[in-house]
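Engineer: For the record, the sequence lines run as chains A and B.
Position 346, counted from 1, in the first sequence is what the numbering used here calls 627; the numbers after and before it change by one each time, with no gaps.
Position 95, counted from 1, in the second sequence is what the numbering used here calls 376; the numbers after and before it change by one each time, with no gaps.
Sharing a structure with you now.
Number of protein chains: 2
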Amino acid sequence: MNIAILGFGTVGKGVYEIIKNNGLDFLNVTKIYRRKGSQMTLPIETDDIESILNDDSIDTIVECMGGLTPAYDFVTEAMKKGKNVVTANKMLVATFYDELMNLSNDRNVYFLFEASVGGGVPWIENLSRVGFVDDVKGFKGILNGSTNYILDRMINESLEFDEALLQVQELGYAEKDPSSDIDGDDVLYKTIISANVASKKSFSMDGVLKFGIRNILKRDIDYFKEHDLVCKLIAEYDRSTNIILVMPELFGKEQSISNVALNFNYVELYCDSSGRLSFEGQGAGKLPTGFSVVEDLIRIEQGAVVPILTTEKVQVKYGAFENKFYVRYKNDKVEIVDGMTEKEMRNDNIAFIAKIN
Amino acid sequence: MNIAILGFGTVGKGVYEIIKNNGLDFLNVTKIYRRKGSQMTLPIETDDIESILNDDSIDTIVECMGGLTPAYDFVTEAMKKGKNVVTANKMLVATFYDELMNLSNDRNVYFLFEASVGGGVPWIENLSRVGFVDDVKGFKGILNGSTNYILDRMINESLEFDEALLQVQELGYAEKDPSSDIDGDDVLYKTIISANVASKKSFSMDGVLKFGIRNILKRDIDYFKEHDLVCKLIAEYDRSTNIILVMPELFGKEQSISNVALNFNYVELYCDSSGRLSFEGQGAGKLPTGFSVVEDLIRIEQGAVVPILTTEKVQVKYGAFENKFYVRYKNDKVEIVDGMTEKEMRNDNIAFIAKIN
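Here is the structure:
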């Protein structure tokens with residue numbers, strides 16, 4: 282199989298390195314696209330995207346650029362020209378899921394995105410496979426390593442949020458601008474993609490409840506510790522209610538999910554036959570994310586069967602939540618609220634909110 | 282695909298139920314073999330194995346009888362007649378791995394055994410898939426739910442071994458004769474199979490170090506608690522040394538493996554690209570085990586590519602272990618031993634031994 286890698290940052294380099302170092306010669310990288318002005322060192326590097334899209338010898342595009350522009354144009358153009366696409370781009374997949382899935386189906390090419398959720402964890406593959414046998418009833422988990430690391434530091438080193446964030450940034454596990462992580466956008470993309478795979482539908486991101494950890498304080502963590510609770514930023518989907526939720530949640534300290542350390546990702550899925558199945562591993566990084574891209578390339582090489590999207594578009598609608606919530610208001614008052622509506626959760630006076638499990 | 286189920290006990294019934302209840306009509310169960318004298322209720326049940334083996338319309342045999350006789354004869358005969366085999370029989374797979382793998386390769390039929398290890402956990406599939414990209418460096422985990430449940434009860438209810446065993450038997454999670462579980466034989470079969478898949482070789486069971494939990498006492502558990510350690514019966518394989526080990530091991534109480542509750546199974550695998558990947562779920566039971574069998578049937582239906590065994594036969598040989606060990610002798614003396622040889626570990630005066638991680 283002849284492959285072109287688009288984007289040669291962390292993930293693109295990881296893919297290239299794994300293919301070379303592991304002797305996977307049947308995955309033949311013939312071109313690498315880089316933006317104009319990049320310093321190129323390999324003879325196969327080019328800044329001419331047309332020379333890749335119009336090259337009929339290239340079977341598969343690996344898109345590792347991130348963002349919507351120009352990734353969307355390159356990916357759709359590639360599929361229209363009969364090329365398979367493997368991508369690590371969560372924003373692209375979450376935003377244009379139904380369009381890209383339907384295009385791949387119409388053109389009879391693969392569109393695979395294991396690396397877009399959970400880094401090196403084979404989450405999408407396992408979620409898909411369960412769906413061949415059982416209806417997936419839902420999932421719950423930690424899909425962002427940066428925020429898990431920040432919470433880990435706050436809990437174990439008794440740090441304030443800003444101190445923990447700085448530590449995690451210095452360790453290289455959080456971006457210089459961490460907004461997408463700490464406000465929950467990164468988790469939202471991954472939750473939408475996972476819910477789409479679980480349901481074989483296509484969820485709209487509009488109106489999905491999303492709360493981050495930007496405003497969490499040491500005093501919140503202290504309160505949770507006193508009550509033997511552990512706070513995690515959670516991605517959640519329930520098939521019976523079609524509810525998707527991204528928010529901090531509190532768990533008993535002996536639960537598996539509470540013991541997910543450092544920057545690891547962890548997801549539980551629920552199905553009728555097998556009950557709970559859990560998956561844990563590195564949620565980001567050059568080699569783990571590259572590994573998931575290469576797994577997708579091997580799936581294509583092996584002619585793997587992939588689930589087909591049903592055409593149904595879904596808009597999330599919330600009823601009242603019957604859970605208890607920890608709520609700290611902007612006036613510093615803390616309250617345990619028994620049951621909340623969407624409107625109450627969106628109250629502008631709330632500084633930090635977490636669901637109690 | 283036309284399917285015959287051999288054996289209609291817990292697992293066989295689970296497979297049949299999942300296929301029927303989930304509307305998987307492309308998996309067409311046309312015959313069910315049961316031993317002579319069984320009370321048969323379905324018209325497709327028969328005690329005539331030849332009517333199945335000689336039926337050219339049957340593509341795939343699902344073997345759920347357990348044991349070596351007559352399972353070995355039925356399975357080899359089926360493959361010789363060009364039928365795929367899916368089995369949940371860990372003793373059969375562990376004992377005749379290279380012969381059965383080579384036979385399936387020679388006859389160009391599938392021989393799949395996801396359900397033989399880890400019940401409903403998609404462990405074998407994920408181990409295989411990682412092996413397409415990376416060398417699996419090893420694994421470590423809990424592959425027996427009964428003993429995990431017994432240890433869980435001993436730890437959380439402060440019970441003696443016999444009391445905990447009785448509770449777990451009454452809950453239906455341990456056999457009336459629990460020897461294979463508590464002496465580690467069940468884990469040994471599963472470890473051999475997993476090591477074979479990880480290495481693409483075929484390990485001999487002869488001489489593999491195997492220690493169970495039959496002789497563990499409340500006073501051992503009390504000692505571990507005092508030192509913030511948790512005891513688990515562990516399956517372990519290290520590729521660099523070709524070492525396989527089945528024995529009780531001690532972990533810090535905050536580790537993921539220490540928090541595996543009740544009868545759950547949990548395995549960590551290690552590879553270069555993705556680091557540690559962990560899988561957790563129900564390790565036994567009608568529907569979880571049936572689920573894994575049905576996943577194998579779907580793999581066959583989809584024409585999945587499976588790894589091929591290399592012909593290398595491997596005999597495990599131990600050097601000295603550099604770990605610390607908790608050793609309680611038959612004279613009641615307890616000792617923490619720093620480093621042990623195989624011969625020292627096999628000392629007849631040892632009542633209970635556990636490796637400290």
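No residue lacks a Cβ here, since even glycine has one placed at the ideal position from N, Cα and C.
No experiment lies behind these values; they were computed from the predicted model shown.
Between B/T341 and B/K567, is the Cβ-Cβ spacing less than 8 Å?
Structural biologist: Against a cut-off of 8 Å, the Cβ pair of B/K567 and B/T341 comes out as no contact.
Engineer: In terms of residues, what are the limits of the beta strand (DSSP E) holding A/S559?
Structural biologist: Per DSSP, A/S559 belongs to the beta strand (DSSP E) from 556–563.
Engineer: If A/T592 sits next to A/G400, beta carbons under 8 Å apart, how far is it from one beta carbon to the other, in whole angstroms?
Structural biologist: 30 Å between Cβ atoms; not a contact.
Engineer: Determine, using beta carbons only, whether A/S555 comes closer than 8 Å to chain B.
Structural biologist: By this cut-off, A/S555 is an interface position.
Engineer: Hey, out of B/F572, B/N628, B/G453, whose CA is closest to B/N302's CA?
Structural biologist: The residue with the shortest Cα to Cα distance from B/N302 is B/F572.
Engineer: Name the chain B residues that come within less than 9 Å of A/E561, Cβ to Cβ?
Structural biologist: Correct list: S537, E549, R557, L558, S559, F560, E561.
Engineer: Give the DSSP-derived three-state secondary structure of B/R609 in the structure shown.
Structural biologist: Strand, per DSSP.
Engineer: Starting from the N-terminal side, write out each stretch of the alpha helix (DSSP H) that is 4 residues or longer and does not extend beyond the stretch 353–400 of chain A.
Structural biologist: Taking only runs of at least 4 residues, the alpha helix (DSSP H) segments lying wholly in the stretch 353–400 of chain A are 371–376, 378–388.
Engineer: Contact between the stretch 408–427 of chain B and the stretch 592–604 of chain B: three or more CB pairs below 8 Å?
Structural biologist: Result no; under three Cβ-Cβ pairs closer than 8 Å.
Engineer: To the nearest angstrom, how far is the alpha carbon of A/G584 from that of B/K482?
Structural biologist: If you take the alpha carbons of A/G584 and B/K482, they lie about 26 Å apart.
Engineer: Just reading off the alpha helix (DSSP H) that A/E298 is part of, what are its end residues?
Structural biologist: Where A/E298 is concerned, the enclosing alpha helix (DSSP H) stretches over 291–302.
Engineer: State yes or no: is the beta carbon of B/P569 nearer than 8 Å to at least one beta carbon in chain A?
Structural biologist: Yes, B/P569 counts as interfacial toward chain A.
Engineer: Assuming A/K506 and A/K371 are in contact, meaning their beta carbons sit under 8 Å apart, how far apart are those beta carbons, in whole angstroms?
Structural biologist: Not really, about 32 Å apart at Cβ, beyond 8 Å.
Engineer: Could you check where the alpha helix (DSSP H) with A/P529 kicks off and where it finishes?
Structural biologist: Here A/P529 belongs to no alpha helix (DSSP H); instead the beta strand (DSSP E) covers 524–533.
Engineer: Using a Cβ-Cβ cut-off of less than 9 Å, give me the residues of the stretch 341–353 of chain B that come near chain A, in sequence order.
Structural biologist: Residues: none.
Engineer: Assuming the contact rule is C-beta atoms closer than 8 Å, B/S555 and A/G562 should be a hit. Round their C-beta distance to whole Å, please.
Structural biologist: With a Cβ gap of about 6 Å, B/S555 and A/G562 count as contacting.
Engineer: Return the bridge partner residues of B/E517 from the DSSP annotation.
Structural biologist: B/K421, B/L526, per the DSSP bridge assignment.
Engineer: So, using beta-carbon positions, are B/A630 and B/Y610 closer together than 8 Å?
Structural biologist: Looking at the sequence itself, residue 630 of chain B is Asn, so the reference to Ala does not match. Yes, Cβ-Cβ distance for B/N630 and B/Y610 is below 8 Å.
Engineer: Quick one, which of A/D415, A/T327, A/V356 has its alpha-carbon nearest A/Y551's?
Structural biologist: The shortest C-alpha separation from A/Y551 is found at A/D415.
Engineer: Within the chosen definition, does the stretch 385–397 of chain B reach the stretch 358–377 of chain B through at least 3 CB pairs nearer than 8 Å?
Structural biologist: Yes: the two stretches touch, three or more of their Cβ pairs being nearer than 8 Å.
Engineer: Measuring only between beta-carbons, confirm whether B/I579 sits less than 8 Å from chain A.
Structural biologist: With 8 Å as the cut-off, B/I579 counts as an interface residue toward chain A.
Engineer: Taking just the CA atoms, how far does A/T357 sit from A/N381?
Structural biologist: The identity of residue 381 of chain A in the sequence shown is Leu, whereas the question assumes Asn. Rounded to the nearest angstrom, the two C-alpha atoms are 7 Å apart.
Engineer: Would you say B/P403 faces chain A, with C-beta separation under 8 Å as the test?
Structural biologist: Taking Cβ atoms only, chain A reaches closer than 8 Å to B/P403, which makes this a yes.
Engineer: Just to confirm before moving on: does the CB-CB distance between A/L287 and A/V343 stay below 8 Å?
Structural biologist: Yes, Cβ-Cβ distance for A/L287 and A/V343 is below 8 Å.
Engineer: Just mark B/R580 as buried or exposed, buried being the case when its beta carbon has 16 or more other beta carbons within 10 Å.
Structural biologist: Under this definition B/R580 is a buried residue.
Engineer: Among the candidates B/A285, B/I589, B/R557, whose CA atom is the shortest distance from the CA of B/C345?
Structural biologist: Of B/A285, B/I589, B/R557, the residue nearest in Cα terms is B/A285.
Engineer: Is B/M621 helix, strand or coil when you go by DSSP?
Structural biologist: Strand, per DSSP.
Engineer: For B/A455 and B/L446, which I take to be in contact (beta-carbon distance under 8 Å), what is that distance rounded to the nearest angstrom?
Structural biologist: Confirmed, about 6 Å.
Engineer: Exposed or buried, what is A/L452 when buried is set at 16 or more other beta-carbons lying within 10 Å of its beta-carbon?
Structural biologist: Under this definition A/L452 is an exposed residue.
Engineer: Tell me whether A/V708 sits in a helix, a strand or coil according to DSSP, three-state version.
Structural biologist: Residue 708 of chain A is absent from the structure shown; chain A starts at 282 and stops at 638.
Engineer: Go ahead and label A/S539 buried or exposed: buried means 16 or more other beta carbons lie within 10 angstroms of its beta carbon, across all protein chains shown.
Structural biologist: Classification of A/S539: buried, given that the 10 Å Cβ count is 16 or more.
Engineer: Are A/S521 and A/K636 close, meaning C-beta to C-beta below 8 Å?
Structural biologist: Going by C-beta atoms, A/S521 is not nearer than 8 Å to A/K636.
Engineer: Flag A/V586 as yes if its beta-carbon sits less than 8 Å from any beta-carbon of chain B, otherwise no.
Structural biologist: A/V586 counts as touching chain B.
Engineer: Quick check: is the beta carbon of A/I299 nearer than 8 Å to any beta carbon in chain B?
Structural biologist: Judged by the 8 Å Cβ criterion, A/I299 is in contact with chain B.
Engineer: Under the three-state reduction of DSSP, which class applies to B/F484: helix, strand or coil?
Structural biologist: The answer is strand: DSSP assigns B/F484 an E or B state.
Engineer: Can you give me, in chain order, the residues of the stretch 413–443 of chain A that have a beta carbon less than 9 Å from any beta carbon in chain E?
Structural biologist: Protein chains A and B are contained in the structure displayed, whereas chain E is not.
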